Amino acid sequence: MTADPFGELAARAEILKLARVLGEPPERFPFLATVPAADIRALREQAADALFEANIGVLRRMAAASRLLPAPALAAITQKAFGPLLSARMAGLVDPARGLDIARRLSPAFLADVAAELDPRKARAIISGIPANLVADVTRELRRRNDWITLGRFVDHAGERTAEAGLAVLDDAALLRVSFLLDDKAKAAALIALLPHRRYEGILRAAGEHDLWHAVFALTGVLGEPEYAALARAARELGEQEKREAVRRARELGVLDELGPLGEALTE
Amino acid sequence: MAPSKRTLAEQLGGALPEGIDALDEEHKQVLGDALRAARRRQAAALSAAAEESLSHVPFLLRGAVRKAAGL
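Heads up: the sequence lines are chains A and B, in that order.
Sequential numbering of the first sequence, starting at 76, is according to the working numbering.
Sequential numbering of the second sequence, starting at 21, is according to the working numbering.
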C-alpha cells in the first residue's frame with residue numbers, strides 16, 4: 076500500500092485502465108486506490124493476456140482461415156461481420172503486412188472501435204506502420220469520443236512518428252488527459268518536451284478550465300528540468316483566481332509541498 | 021452443490037502482483053468476478069462474430085473457410 080500522493084495519482088490512472096480492460100466502471104474498484112500503480116498495471120497486463128489467451132484456439136483458426144480471402148474481401152468482412160473485438164484479437168495473430176493492408180481499407184470510425192478493444196502490445200508492428208494521415212483521422216475520432224484511455228495506450232506503444240502524428244491533432248486539455256494515462260512516463264516527458272514552451276500557459280489554463288490539475292501535478296518528477304522550469308514560468312502568468320484554484324487542488328491531493336518550482340510559482 | 025469458482029490467481033494462471041495479493045479476499049473476489057464476466061462476454065461476442073462472418077464469405081470459398089476456421 077502507498078501513502079505517497081503522487082503514487083495515488085498514478086494508481087488513479089491505472090484503475091481507469093484496468094476497469095477498461097475488465098469492461099467495468101472504475102467505481103467498482105475503490106479499494107485499489109492505495110495499491111502501488113505498478114501492481115495495478117501488472118494485474119491489467121495479466122488480465123489482458125488471460126483474455127487474449129482465453130479463446131486463442133478459435134482465434135488462430137480464424138486467422139488461418141482469413142488467409143484464404145483476398146484483402147478487399149477480408150476488409151469488407153472485417154467491418155461488416157467480425158466487429159471490433161474479433162478484429163482486435165485477430166490483429167495480434169495475423170502477419171503485420173497483411174494486417175496493415177487490411178487496416179488501410181477500414182474506416183477511421185471502425186479503426187477507432189478496434190483500437191478501443193486492441194491490446195497494443197500484441198499489434199505494435201501494425202500500429203507503427205499505419206500511415207500518419209490515418210493515425211490523425213483515428214486520433215480525431217477517439218478525441219471526439221473522449222476516449223483518452225485508448226489514445227494513451229496508443230501513444231505508449233506507437234513509434235515516435237505515429238505518436239507525433241496523433242498528438243498533432245490534440246488540443247491542450249486532450250494532451251493533459253492523454254499524458255496522465257500513459258504507462259511510460261518517460262514518453263510523457265518526451266512528448267511534452269516536443270511542444271514549444273509558449274504552449275505551456277495554454278496547457279495550465281486548460282487544466283484550470285477542465286479540472287485537470289491532477290494531470291499537471293503528475294508531471295512533477297517526470298518532466299526534464301528545462302520543461303518543468305518553463306512550466307513554472309508559465310504558471311506565473313496565470314491569474315490570481317486560477318492560481319488559487321490550482322493551489323486548492325494541490326492541497327486536496329496532498330502534493331502542494333512536493334511541487335518544487337511549480338508550487339512556488341502558484342503560491343507566490 | 022455449485023462448483024467453486026476459480027480464484028483471481030487461478031484465472032490468471034500465475035502469482036498475483038504483491039499489492040494485489042495483499043488485498044482482502046473480498047476485494048480479490050470482486051476482481052476475479054469482473055475478469056470472469058469479461059471472459060464470458062468476450063467468448064459470446066467472438067462466437068457470434070465468427071458465425072456471422074461466415075455468411076459474408078464468397079460462396080465458392082465458404083467451405084474451405086469453414087473447414088480452416090473449424091466452424
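We put the CB at the ideal spot given by N, CA and C, even for glycine.
Please read all numbers here as calculations on a predicted model, not as lab measurements.
- Pairwise C-beta distances place the segment 206-213 of chain A in contact with the segment 226-243 of chain A, as three or more of them are shorter than 8 Å.
- Among the residues of chain A, none has a CB under 9 Å from the CB of Glu30(B); the nearest is roughly 10 Å distant.
- Close to Asp114(A), with beta-carbon spacing below 8 Å, are these residues of chain B in chain order: Pro37, Glu38, Gly39, Ile40.
- Below the 8 Å Cβ cutoff, chain A contributes Gly98 as neighbours of Arg61(B), in chain order.
- Straight through space, the alpha carbons of Leu250(A) and Ala139(A) are spaced by roughly 39 Å.
- For Phe157(A), the closest C-alpha among the options Arg228(A), Asp188(A), Val330(A) is that of Asp188(A).
- Taking the beta carbon of Glu72(B) as reference, the chain A residues within 7 Å of it are Ala156, listed in sequence order.
- By the Cβ rule, the segment 182-198 of chain A does not count as touching the segment 132-146 of chain A, because fewer than three pairs are nearer than 8 Å.
- At a cut-off of 9 Å between C-beta atoms, Ile90(A) does not count as an interface residue with respect to chain B.
- No Cβ-Cβ contact shorter than 9 Å links Trp288(A) with Leu256(A).
- For Ile152(A), the nearest beta carbon of chain B is closer than 9 Å to its own beta carbon.
- Along the length of the segment 228-282 of chain A, whole alpha helix (DSSP H) runs at least 4 residues long occupy 235-242, 247-256, 260-269, reported in chain order.
- Distances from the alpha-carbon of Leu270(A) to those of Phe292(A), Glu284(A), Ala191(A), Leu245(A) put Leu245(A) closest.
- Measuring C-alpha to C-alpha distances from Lys155(A) to each of Lys87(B), Ala68(B), Arg60(B) identifies Ala68(B) as the nearest.
- By the Cβ-count criterion, Asn130(A) is buried, with 16 or more other Cβ atoms from all chains shown falling within 10 Å of its own Cβ.
- At a C-beta separation below 8 Å, Gly52(B) has no neighbours in chain A, since its nearest C-beta there lies roughly 10 Å away.
- For Leu149(A), the enclosing alpha helix (DSSP H) stretches over residues 146-152.
- Note that the C-beta distance between Thr237(A) and Ile202(A) is below 9 Å.
- For Val110(A), a Cβ of chain B is located within less than 9 Å of the residue's own Cβ.
- By the beta-carbon neighbour count (other beta carbons within 10 angstroms, threshold 16), Lys87(B) is exposed.
- Judged by DSSP secondary structure, Ile90(A) falls within the alpha helix (DSSP H) whose first and last residues are 80-97.
- Nearest to Ala123(A) by alpha-carbon distance, out of Pro105(A), Arg326(A), Arg311(A), Leu97(A), is Leu97(A).
- The straight-line gap separating the alpha-carbon atoms of Ala293(A) and Val330(A) is approximately 9 Å.
- Closest in C-alpha terms to Ala264(A), from the list Glu235(A), Ala108(A), Gly283(A), comes Glu235(A).
- Here the C-alpha atom of Arg173(A) lies approximately 10 Å from the C-alpha atom of Arg179(A).
- Runs of the beta strand (DSSP E) spanning 3 or more residues and lying entirely within the segment 310-341 of chain A do not occur at all.
- Using a Cβ-Cβ cut-off of 9 Å, Arg103(A) counts as an interface residue toward chain B, since at least one Cβ of chain B sits closer than that to its own.
- When only Cα atoms are considered, Leu175(A) and Pro37(B) end up about 35 Å apart.
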